[in-house]
Ligand code: GLP
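This is the structure we're talking about:
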């Protein structure tokens, strides 16, 4: 796993947007898997700017989201459907037929997970997976303990994750469950770019990079990935002991 450290958040955002745009220019039909959260907002802003200035088209790309809350309608303001539409998919020339977000209101959530995995397979697999990281090391909504061989499935959210995300919800009650792309789903991506910014991510970053590879620290799985890179700002890298590159 390579790590690149930038002075600040803007540096990470620009670098990741540049990598994603470069992939799309090389291969317009790239299949992307994308995260939500605060961290990727700068990357999305830059990709939208590139599109608006006529430099970048997403018309032939395919998009999969990492996760969605279970039980939230696609028009719920805290849903990841709305997040992605408002910040990215609605602002670029994405083909709606190639935009996939798990349906949190599917009558049969298990069938929805199977449908999602099948859609990824039909698209030829994920070329580039962009990830954030939770303070407990979660990726997507794969909380500590998520099996490395897991596929898209329904998961329980940890109390700490629900607390961090609570302010998006009325009465500060985040949903208890979500649909997430699995650990193996993520690992099968040809390349993985993990973004982390701020001191509140420093502990998780250091544990993922320096402690044992373990299901108790989901992001550590990326250490055995052939093409995974970390994009960190100095704050997120501040607990690292030194030897970054493996
Ligand atoms: C949520 C998402 C993750 C994201 C994480 C960190 O739980 N499901 O995909 O990486 O939060 O979010 P943030 O970037 O806001 O810190």
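In this note's numbering, the protein residues as written are 9 to 254. Cβ coordinates follow ideal geometry from the N, Cα and C atoms, glycine included.
If we ignore side chains and look at the alpha-carbon of each, how far apart do residue 72 and residue 246 end up?
If you draw a straight line from the Cα of residue 72 to the Cα of residue 246, it is about 31 Å long.
Residue 212 versus residue 41 - alpha carbon distance:
Roughly 22 Å between the two C-alpha positions.
If you measure between the beta carbons of residue 191 and residue 150, is that distance less than 8 Å?
In contact: residue 191 and residue 150 (Cβ atoms closer than 8 Å).
So, is residue 221 buried or exposed, given that buried needs 16 or more other C-beta atoms within 10 angstroms?
Result: exposed.
According to DSSP, what are the bridge partners of residue 76?
Beta-bridge pairing links residue 76 to 187.
Flag this pair as yes or no: are the beta carbons of residue 85 and residue 49 separated by less than 8 Å?
No. Outside cutoff.
Member of 17, 52, 88 whose CA lies at the smallest distance from the CA of residue 148
Between residue 148 and the set 17, 52, 88, the nearest pair of CA atoms involves 88.
Within a Cβ cutoff of 6 Å, which residues of the same chain sit near residue 139, ignoring the five residues on either side of it in sequence?
The residues are 43, 147, 202.
What I want to know is whether the C-beta of residue 96 ends up closer than 7 Å to one or more non-hydrogen atoms of ligand 1.
Residue 96 Cβ: outside cutoff for every heavy atom of ligand 1.
Beta carbon of residue 153, beta carbon of residue 224: below 8 Å?
Contact flag set, yes.
Rounded Cβ spacing between residue 187 and residue 39 (contact assumed at less than 8 Å)
Contact doesn't hold; Cβ gap of about 19 Å is too wide.
Quick check on DSSP: helix, strand or coil for residue 128?
Residue 128: helix per DSSP, three-state reduction.
Would you list, in sequence order, the uninterrupted beta strand (DSSP E) runs of no fewer than 3 residues that lie entirely inside the segment 145 to 175?
List check, beta strand (DSSP E) in window: 161 to 164.
So which of 181, 109, 241 has the shortest CA-CA distance to residue 210?
Just measuring C-alpha positions, the residue of 181, 109, 241 sitting nearest residue 210 is 241.
Residue 94: first and last residue of the uninterrupted alpha helix (DSSP H) it sits in:
Segment 88 to 95, the alpha helix (DSSP H) holding residue 94.
Nearest candidate by alpha-carbon position, reference residue 195, set 230, 207, 168, 53:
Per the Cα distances, 230.
Compute the beta-carbon to beta-carbon distance between residue 112 and residue 77, rounded to the nearest angstrom, for a pair I have assumed lies under 8 Å.
So it is a contact: roughly 5 Å between Cβ atoms.
My output table needs one value for residue 45: the three-state DSSP class, helix, strand or coil.
It is coil, neither helix nor strand.
According to the neighbour-count rule (16 or more other Cβ atoms, all chains shown, within 10 Å of its Cβ), is residue 105 buried or exposed?
Classification of residue 105: exposed, given that the 10 Å Cβ count is below 16.
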